[in-house]
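Sequential numbering of the sequence shown, starting at -16, is according to this note's numbering. A virtual CB, placed ideally from N, CA and C, is assigned to each residue, including glycine. Worksheet: one structure, shown below.
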Amino acid sequence: MPRIDIVNGPNLGRLGQRQPEIYGHQGLYEILSALRKAYPTLQLEHFQSNHEGALIDYLETLGDHGSRGVVLNPGALTHQSYALRDAVVALTIPVVEVHLSNIYAREAFRAHSLIAPVAVGHISGFGASGYRLAVEYFIERMQQE
Ligand code: DQA
């Protein structure tokens, strides 16, 4: 089964309870189990951490584990982490950046992503559907390979 990794950064473990008017009512594990149900022929691995270094450590291992793509929601690290950006650049597998909220329609500091220029693409504002749209992209991409 082709492996896709879903990686979530700080505060995303609290989805469902955290500002549901912005991030929705679904918890992270509900989002993941819906994805796993929708894509039974994919190996959907998941990692969430509130720690920048732990996220980078995880990303570093992915090429070796045969992952075909990363769906990355870096949380607030999107706007501030050069280290995470460097980790994305160093990856040999494609990364799609996902945000539940529309980062361009919120506070000014959120409108700038350090990750977007080094990702294959960027999805923002479609809520939990953003993860599914990113997985769809990887399915199409793998079909073309
Ligand atoms: C977020 C947007 C970020 O600005 C914020 O810090 C998050 C969540 C999103 O999914 O909309 O933690 O990445």
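Cβ-based neighbour list, Val101, same chain, cut-off 8 angstroms, excluding 5 preceding and 5 following: Arg68, Val71, Val72, Val78
Closer than 7 angstroms: Ser84 CB and nearest the ligand DQA heavy atom: yes
N- and C-terminal bounds of the beta strand (DSSP E) containing Ile106: 104 to 107
beta-carbon Leu(-5) near the ligand DQA non-hydrogen atom, thresh 7 angstroms: yes
Interface flag, Leu42 vs chain B, CB-CB below 8 angstroms: Judged by its chain identifiers, the structure shown contains no chain B, having just a single protein chain.
CA-to-CA distance, Ala91 to Glu28, given in whole angstroms: 32 angstroms
Cβ-Cβ separation, Leu(-5) to Gln31 (assumed contact under 8 angstroms), whole Å: Right, their Cβ atoms sit about 6 angstroms apart.
Burial state of Thr61 (16 or more Cβ within 10 Å): buried
Option nearest Ala17 by Cα separation, candidates Val54, Ser112, Ser84: Of the listed residues, the one whose Cα sits closest to Ala17 is Ser112.
Element boundaries [beta strand (DSSP E), containing Ile(-13)]: -14 to -9
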